[in-house]
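Student:
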Amino acid sequence: MSLTLSQYPKYVPLTPIERYGKYYKFESHVRQVVEYLHLNVDEIECRKDVIFDIIERVEMRRVYFRVFHGIIMSEQNEISHYCFWILKLAPLVNKNNPNQHINARLAVFLFLKMLKQVGRVRRQLVSFNNRFVRNLMYAFVYRDLSKEAIMAIADALLTGAAGGTNSSTVP
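With my numbering, the residue at position 142 of the sequence shown is 161, and numbering never jumps.
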């Protein structure tokens, strides 16, 4: 039995509390990257409107997964979508060094952090060698990766089809 169009779940915009909750979580990841890179937080501009746009786009995709795939979006797919939109919409600007690729570094940080967290939940050892991290950073900066490509990279790494054996590093 197929559903009529009116019976499918529809995207409902997030409430202000939900939006700001996701925004503050996003902002905490930005702070972690800024600290890791030893950057001056005053030099980094977070474009709040772009971050809210990214959050809404990921939430809309969550409904898409439910309607068209009949599944709940996994954490790895969610973070892969965040990475995609961070790379495309560039919510961060380093005022003093615009060529620092701060958005790609944030995306790599989130991606690797997600892989480690999902690996822990699955009781898998997930590690990355420096070459892999450099290659991922290069791909995030210079390649035009789709959402699906980023999700496929995550799936491959989590199923043991790729990756390294050395300790992990975050750019």
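All C-beta atoms, glycine included, are put in the ideal place defined by N, C-alpha and C.
This structure is a prediction, so every number in the text was calculated from the model and none was measured.
Report buried or exposed for Ala180, applying the criterion of at least 16 other Cβ atoms within 10 angstroms of its Cβ.
Tutor: Along the sequence shown, read from residue 1 onward, the residue named residue 180 stands at position 161. The predicted model places Ala180 with a pLDDT of 45, which falls under 50 and marks its position as unreliable; any figure quoted below should be read in that light. By the neighbour-count rule (16 or more Cβ atoms within 10 Å), Ala180 is not buried but exposed.
Student: Would you kindly report the start and end of the unbroken beta strand (DSSP E) that includes Glu64?
Tutor: In the sequence shown, counting from the first residue as 1, residue 64 sits at position 45. Unbroken beta strand (DSSP E) run through Glu64: 63 to 65.
Student: Can you list, in chain order, the residues of its chain with a C-beta nearer than 7 Å to that of Glu97? Leave out the 5 residues immediately preceding and following it.
Tutor: Taking the first residue of the sequence shown as 1, we reach residue 97 at position 78. Val77, listed in sequence order.
Student: State the DSSP-derived secondary structure class of Asn113, mapped to helix, strand or coil.
Tutor: For the purposes of this step, residue 113 is taken as residue 94 along the sequence shown, with counting starting at 1. Looking at Asn113 - three-state DSSP - the assignment turns out to be strand.
Student: If I follow the unbroken alpha helix (DSSP H) through Phe103, where does it start and stop?
Tutor: As a first step, residue 103 must be located in the sequence shown, where it is residue number 84. Phe103 -> alpha helix (DSSP H) spans 94 to 108.
Student: For Thr184, collect the residues of the same chain with a Cβ closer than 8 Å to its Cβ; drop the 5 residues on either side in sequence, then sort them by chain order.
Tutor: On the sequence shown, position 165 is the one that residue 184 refers to. Only weak support is given to the placement of Thr184: the predicted model assigns it a pLDDT of 43, under 50, and the value that follows is read from those uncertain coordinates. So the list reads Ser146, Asn148, once near-sequence residues are dropped.
Student: When you compare the segment 79 to 99 with the segment 109 to 122, are there three or more beta-carbon pairs, one atom per stretch, that lie closer than 8 Å?
Tutor: no
Student: Would you call Asn122 buried or exposed, if buried means 16 or more other Cβ atoms sit within 10 Å of its Cβ?
Tutor: Within the sequence shown, residue 122 is the residue found at index 103, counting from 1. Buried.
Student: Quick check: the segment 102 to 109 against the segment 62 to 78, are there 3 or more CB pairs under 8 Å?
Tutor: By the Cβ criterion, the segment 102 to 109 is in contact with the segment 62 to 78, since at least three pairs of Cβ atoms, one from each stretch, lie closer than 8 Å.
Student: Buried or exposed for Met170, going by 16 or more other Cβ atoms inside 10 Å?
Tutor: On the sequence shown, position 151 is the one that residue 170 refers to. Under this definition Met170 is a buried residue.
Student: Taking C-beta to C-beta, are Tyr42 and Phe71 nearer than 8 Å?
Tutor: Counting from 1 along the sequence shown, the entry for residue 42 is found at position 23. Counting from 1 along the sequence shown, the entry for residue 71 is found at position 52. Yes. Within cutoff.
Student: Give me the Cα-Cα distance between Lys29 and Leu129, rounded to the nearest whole angstrom.
Tutor: The sequence position of residue 29 within the sequence shown is 10, counting from 1. The sequence position of residue 129 within the sequence shown is 110, counting from 1. Going from the Cα of Lys29 to the Cα of Leu129 covers about 28 Å.
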